[in-house]
Amino acid sequence: MPDKTKITLSAKERSLVTNVEWILTKQAIIQKVYDLFAGNIAAIKHAVLDNKTLPEPVRLSVPKIFKGENYLQLPYVIMDYPRCFDKENIFAIRTMFWWGNFFSITLHLAGEYKNIVKDHLYNGNHEPITDLYIGVNENQWQHHFEQDNFLPYTQFGKQQRIELFEKNNFIKLALKFELEHWNNMPDLFAQGYKSIAGILFNYPNGEKDL
11 MPDKTKITLS AKERSLVTNV EWILTKQAII QKVYDLFAGN IAAIKHAVLD NKTLPEPVRL
71 SVPKIFKGEN YLQLPYVIMD YPRCFDKENI FAIRTMFWWG NFFSITLHLA GEYKNIVKDH
131 LYNGNHEPIT DLYIGVNENQ WQHHFEQDNF LPYTQFGKQQ RIELFEKNNF IKLALKFELE
191 HWNNMPDLFA QGYKSIAGIL FNYPNGEKDL
């Protein structure tokens with residue numbers, strides 16, 4: 011027999027388990043995230059993938075959108091585009107929705123692709139991108155923005171950036187958007203992808219001039 015203390019529902023839990031509306035609303039929200047992310051594909055292609063200096067496997071990659079229910083116990087949706095993953099080398103722009111927390115865009119480079127942003131991190135003579143974060147966790151598969159995972163880029167001087175670059179086989183640079191900006195996210199995402207392009211291609215003003 012199961013332990014009743016482990017299966018007994020609280021009043022709040024009973025209210026939720028008998029209410030279909032909240033789960034249908036959740037599913038509708040997740041679908042809107044899928045639609046939002048799919049609508050970003052053209053903006054990413056224009057800002058990033060039209061640049062012929064990128065390796066062909068990156069430019070020819072196709073987007074992948076997927077969801078899950080348990081990143082740190084909360085639902086999420088992720089789009090990887092572009093995406094090149096193998097055992098040692100990674101080139102990905104990961105757009106993420108994390109329920110109750112944020113939207114984010116993360117440039118994730120590892121192995122041979124990491125050197126693409128070497129000049130940006132070593133020199134960094136241009137104006138830093140507002141609200142850019144740099145990954146500091148040794149685990150490259152964490153996505154939250156707590157201080158053990160991402161810190162503001164502006165907190166790092168040139169020498170600190172170089173040390174971080176040399177320390178790990180990967181580098182992650184990210185932009186974070188509060189969920190309160192939901193209705194403005196198409197424009198914010200488009201601007202974010204231009205900023206990522208500025209990092210990749212080292213545009214003087216930090217973003218692609220469109």
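For the sequence shown, our numbering begins at 11 and goes up steadily by one.
The beta-carbon is built from N, C-alpha and C at its ideal position, and this holds for glycine as well.
Everything numeric in this text was worked out from a predicted model, so none of it was measured.
Shortest alpha-carbon distance to Phe211 belongs to which of Gln169, Ser71, Asp60, Ala184? Asp60
What whole-angstrom Cβ distance do Gly202 and Ile115 have, given they're in contact under 8 angstroms? Right, the Cβ-Cβ distance comes to about 5 angstroms (below 8 angstroms), so this counts as a contact.
Do you know how far the Cα of Ala200 is from the Cα of Thr4? Outside the shown range of the chain (11 to 220) lies residue 4, about which nothing can therefore be said.
Shortest alpha-carbon distance to Ala120 belongs to which of Phe95, Leu131, Asn133? Phe95
Report yes if the CB atom of Leu142 is closer than 7 angstroms to the CB atom of Tyr163, and no otherwise. Yes, these two residues count as a Cβ contact at 7 angstroms.
Opening and closing residue of the alpha helix (DSSP H) in which Lys186 lies: Bounds of any alpha helix (DSSP H) do not take in Lys186; it lies within the beta strand (DSSP E) bounded by 180 to 188.
Through-space distance from Asn193 to Lys233, alpha-carbon basis: There is simply no residue 233 to check, as the chain begins at 11 and stops at 220 in what is shown.
My output table needs one value for Val87: the three-state DSSP class, helix, strand or coil. strand
Here's the rule I'm using: 16 or more other beta-carbon atoms within 10 Å means buried, otherwise exposed. How should Trp108 be labelled? With at least 16 other beta carbons inside 10 angstroms of its own, Trp108 counts as buried.
To the nearest angstrom, how far is it from the Cα of Thr15 to the Cα of His153? 34 angstroms
Taking contact to mean at least 3 C-beta pairs separated by less than 8 angstroms, is the segment 62 to 74 in contact with the segment 35 to 46? Between the segment 62 to 74 and the segment 35 to 46, the count of Cβ pairs shorter than 8 angstroms is below three; the stretches do not touch.
My output table needs one value for Pro73: the three-state DSSP class, helix, strand or coil. coil
Beta-carbon separation of His130 and Ile209 under 7 angstroms? yes
Kindly provide the ranges of any alpha helix (DSSP H) runs that are 4 or more residues long and lie completely inside the segment 110 to 134, ordered along the chain. 128 to 132
DSSP beta-bridge partners of Trp108: Beta bridge pairing from DSSP links Trp108 with Tyr86, Phe112.
With a 10 Å radius around its C-beta and 16 neighbouring C-beta atoms as the bar for buried, classify Asp90 as buried or exposed. buried
Is DSSP giving Asn194 helix, strand or coil here? helix
So, for Lys22: in the same chain, excluding its five sequence neighbours on each side, which residues have a beta-carbon less than 6 angstroms away from its beta-carbon? none
With which residues is Phe239 paired in a DSSP beta bridge? The first residue shown for the chain is 11 and the last is 220, placing residue 239 beyond what the model contains.
Nearest-angstrom Cα distance between Tyr86 and Ile103? 16 angstroms
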